[in-house]
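Take a look at the structure below.
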Amino acid sequence: MEIAFCRIDDRLIHGQVATVWTKVTGCNRIMCCNDEVAQDTLRKKLLLQVAPPGIKAYVIPVEKAVAAYKNPKYAPFKTLFLFTNPRDVVRAVKGGIPFKSVNLGGMTYKDGDTLISQAVAVNKDDAAAIKELVDMGIEVEIRKLANEPKKDAIEALKAKGLL
Numbered sequence: 001m002e003i004a005f006c007r008i009d010d011r012l013i014h015g016q017v018a019t020v021w022t023k024v025t026g027c028n029r030i031m032c033c034n035d036e037v038a039q040d041t042l043r044k045k046l047l048l049q050v051a052p053p054g055i056k057a058y059v060i061p062v063e064k065a066v067a068a069y070k071n072p073k074y075a076p077f078k079t080l081f082l083f084t085n086p087r088d089v090v091r092a093v094k095g096g097i098p099f100k101s102v103n104l105g106g107m108t109y110k111d112g113d114t115l116i117s118q119a120v121a122v123n124k125d126d127a128a129a130i131k132e133l134v135d136m137g138i139e140v141e142i143r144k145l146a147n148e149p150k151k152d153a154i155e156a157l158k159a160k161g162l163l
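Using full-length UniProt numbering, the first residue of the sequence shown is number 1, and each one after it goes up by one.
Below you can see the structure in the form of structure tokens.
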């Protein structure tokens, strides 16, 4: 399986992903990787319905995404991996998916979070997971839209006193 792109966006599939990121990455598959969402029948159904025409989408637990990545039967897939949080990306990498770069596209603000960009809010666990990804040699960049310049996640975390 070819990795087209890895993005953290807690909305998973939405307008920007369906219309822009799928075209920019040239993917033919989308894997939404999150244990809780995979168990949420309604959200899963809605996500599968908004996948763009011609692109097959899956909503699966992180462990199943790792197994699919390793399965030779899925070799023709050029996959856009979508995650809701950086901790799940760490799990996927430790499971064997060799992401070289991770895009932080959108993480909704919740009480106690810190905004590190206009569209990305993190808590201490998220910040630690981002640092862990970078320590593994993976680029973590912030970019809501494909045509925006990349912003370094570590610099953004440091600027907010999170590292």
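The C-beta atom is built at its ideal place from N, Cα and C for all residues, glycine as well.
- Asn147: buried (16+ other C-beta within 10 angstroms of its C-beta) or exposed? Numbered from 1 along the sequence shown, position 147 holds the residue referred to as residue 147. Exposed, by the Cβ-count rule.
- Message: Cutting at 7 Å between CB atoms, please list the residues of its own chain near Arg11, excluding the five before and the five after it.
- Response: The residue labelled residue 11 in the question sits at position 11 within the sequence shown. The answer, listed in chain order, is Gly106.
- Check whether the Cβ atoms of Phe83 and Asn123 sit closer than 8 Å, and answer yes or no. Position 83 of the sequence shown, counted from the first residue, corresponds to residue 83. Position 123 of the sequence shown, counted from the first residue, corresponds to residue 123. For Phe83 and Asn123, no; Cβs fall outside 8 Å.
- Leaving aside the five residues before and after Asp125 along the sequence, list all residues of the same chain whose C-beta is less than 7 Å from its C-beta, in chain order. Residue 125 sits at position 125 when you count from the first residue of the sequence shown. For Asp125, where only same-chain residues beyond five positions count, the Cβ hits under 7 Å are Arg87.
- Item | Segment contact flag, the segment 61-79 with the segment 107-121, C-beta cutoff 8 Å, min 3 pairs | no
- Message: For Ala4, report the span of its beta strand (DSSP E) as first-last.
- Response: For the purposes of this step, residue 4 is taken as residue 4 along the sequence shown, with counting starting at 1. Residues 2-9.
- Item | Contact check, Ala51 vs Ala57, beta carbons under 8 Å | Numbered from its first residue, the sequence shown carries residue 51 at position 51. Numbered from its first residue, the sequence shown carries residue 57 at position 57. Yes; because the gap between Cβ atoms is below 8 Å, this pair is in contact.
- Taking Thr79 and Arg29 to be in contact with their CB atoms under 8 Å, please state how far apart those CB atoms are, rounded to whole angstroms. Locating residue 79 in the sequence shown gives position 79, where the first residue counts as 1. Locating residue 29 in the sequence shown gives position 29, where the first residue counts as 1. Rounded, the Cβ-Cβ distance is 5 Å, consistent with contact.
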